[in-house]
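Participant: Residue numbers are given in the working numbering: position 159 of the sequence shown equals residue 170, and the series is strictly consecutive. For glycine and all other residues, C-beta sits at the position ideal for the given N, C-alpha and C. For clarity, every value in this text was computed on a predicted model and none was experimentally measured.
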Amino acid sequence: MEVSIIVVADENNGIGKDNQLLCHLPADLKYFKQLTTGHHILMGRKTFESIGKPLPNRTNLIISRSGKPIEGCLVFDTIEAAKDFAEKNKETELFILGGASIFLQCIRFVDTVFLTRIHHHFEADTFFEPLSESQWKRVYQEPHLADAKNAYDYSFETYKRITDK
Ligand SMILES: NC(=O)c1ccc[n+]([C@@H]2O[C@H](COP(=O)([O-])OP(=O)(O)OC[C@H]3O[C@@H](n4cnc5c(N)ncnc54)[C@H](OP(=O)(O)O)[C@@H]3O)[C@@H](O)[C@H]2O)c1
């Protein structure tokens with residue numbers, strides 16, 4: 012099973028503020044939906060709460076120590092248990108949705124990072140750890156200019172691990 016992070020970050024690697032995303036970028040939501048639909052998605056409890064509902068047509072795996080059930084989702088008290096569940100369920104590509112704490116704990120076993128870079132500096136309180144150039148290679152970059160629906164310039168970027176896990 013491949014494991015991929017999908018993340019949207021600003022020029023400072025900011026990813027959130029007050030448990031919300033930094034901005035609304037419809038083009039990125041469309042890209043996110045295209046990539047993740049049909050797959051298992053893994054996220055921390057705070058990220059789930061910020062989304063507020065299970066994402067449709069995906070198997071929502073939530074990581075929480077509380078043990079509280081969440082309707083429409085599967086709750087796991089360890090990341091390993093959620094990953095094992097996806098693997099046993101014959102998933103081919105598990106998507107790690109965040110937030111920051113989950114990205115930090117998962118990066119060591121991630122193969123691919125789909126990063127949407129918003130070319131703007133926001134005020135943020137949550138960050139994505141920068142990918143080191145010695146371990147990650149950018150293999151794809153698709154720049155877009157702001158338009159009527161998307162207020163900021165942005166780029167879809169793909170990074171692949173170039174070292175052993
Ligand atoms: N820009 C992006 O792409 C993106 C993506 C996702 C999230 N975000 C932003 O990131 C922020 C949230 O990130 P965050 O780091 O604060 O929270 P988070 O990672 O979403 O959730 C943290 C929670 O996950 C659970 N957890 C984490 N590690 C665990 C482990 N090893 N075992 C069991 N449970 C574990 C705990 O839940 P319990 O407290 O219930 O035990 C913990 O409080 C928000 O601002 C959100 O909007 C941005």
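1) So, is Ala92 buried or exposed, given that buried needs 16 or more other C-beta atoms within 10 angstroms?
2) Count the other C-beta atoms from every protein chain shown that fall within 10 angstroms of the C-beta of Glu153, then say buried if there are 16 or more, exposed otherwise.
3) Ends of the alpha helix (DSSP H) at Gln146?
4) State the Cα-Cα distance for the pair Pro67 and Asp21, rounded to the nearest angstrom.
5) Between the stretch 95–108 and the stretch 30–50, are three or more C-beta pairs nearer than 8 Å?
6) Assuming Phe133 and Ala111 are in contact, meaning their beta carbons sit under 8 Å apart, how far apart are those beta carbons, in whole angstroms?
7) Jot down the residue ranges of each uninterrupted alpha helix (DSSP H) in the stretch 82–141, minimum 4 residues, whole runs only, in chain order.
8) Can you pull the DSSP bridge partners for Phe167?
9) Taking C-alpha atoms, which residue in Ile113, Leu108, Leu53 lies nearest to Ala97?
10) Considering only C-alpha positions, which residue in the set Asp175, Glu13, Ser166 is nearest to Trp147?
11) Check whether the Cβ of Leu105 sits closer than 7 Å to any heavy atom of ligand 1, and report yes or no.
12) Between the C-alpha atoms of Thr169 and Val86, what's the straight-line distance to the nearest angstrom?
13) Using 7 Å as the cut-off, classify the Cβ of Thr58 as near or not near the heavy atoms of ligand 2, replying yes or no.
14) Would you mind listing the beta strand (DSSP E) stretches within the stretch 28–80 that are 3+ residues and don't spill past its ends, in chain order?
15) Output needed for Tyr163: all residues of its chain with C-beta closer than 8 Å, excluding positions within five of it in sequence on either side, in chain order.
Facilitator: Let me lay it out:
1) Taking the first residue of the sequence shown as position 1, residue 92 is located at position 81. It counts as exposed.
2) Counting from one through the sequence shown, the residue named residue 153 turns up at place 142. Its Cβ having fewer than 16 others within 10 Å, Glu153 is exposed.
3) The count along the sequence shown starts at 1 and reaches residue 146 at position 135. Segment: none, Gln146 is in no alpha helix (DSSP H) and carries neither H nor E.
4) Here the question's residue 67 lines up with position 56 in the sequence shown. Here the question's residue 21 lines up with position 10 in the sequence shown. So the alpha carbons of these two residues sit roughly 26 Å apart.
5) yes
6) As a first step, residue 133 must be located in the sequence shown, where it is residue number 122. As a first step, residue 111 must be located in the sequence shown, where it is residue number 100. 15 Å between Cβ atoms; not a contact.
7) 90–99, 111–117
8) The residue given as residue 167 occupies position 156 in the sequence shown. Phe167 pairs with Thr127, Glu153.
9) Working through the sequence shown from its first residue, we reach residue 97 at position 86. With distances taken between Cα atoms, Ala97 lies closest to Leu53.
10) Numbered from its first residue, the sequence shown carries residue 147 at position 136. Taking only the C-alpha atoms, the option nearest Trp147 is Asp175.
11) By one-based count along the sequence shown, residue 105 stands at place 94. Leu105 Cβ: outside cutoff for every heavy atom of ligand 1.
12) On the sequence shown, position 158 is the one that residue 169 refers to. On the sequence shown, position 75 is the one that residue 86 refers to. Thr169 and Val86: Cα-Cα distance of roughly 29 Å.
13) Ligands present in the displayed structure are limited to ligand 1, and ligand 2 is not among them.
14) 51–55, 70–74
15) Along the sequence shown, read from residue 1 onward, the residue named residue 163 stands at position 152. Excluding positions up to five away in sequence, the list reads Cys34, Leu36, Ile129, His130, His131, Ala157.
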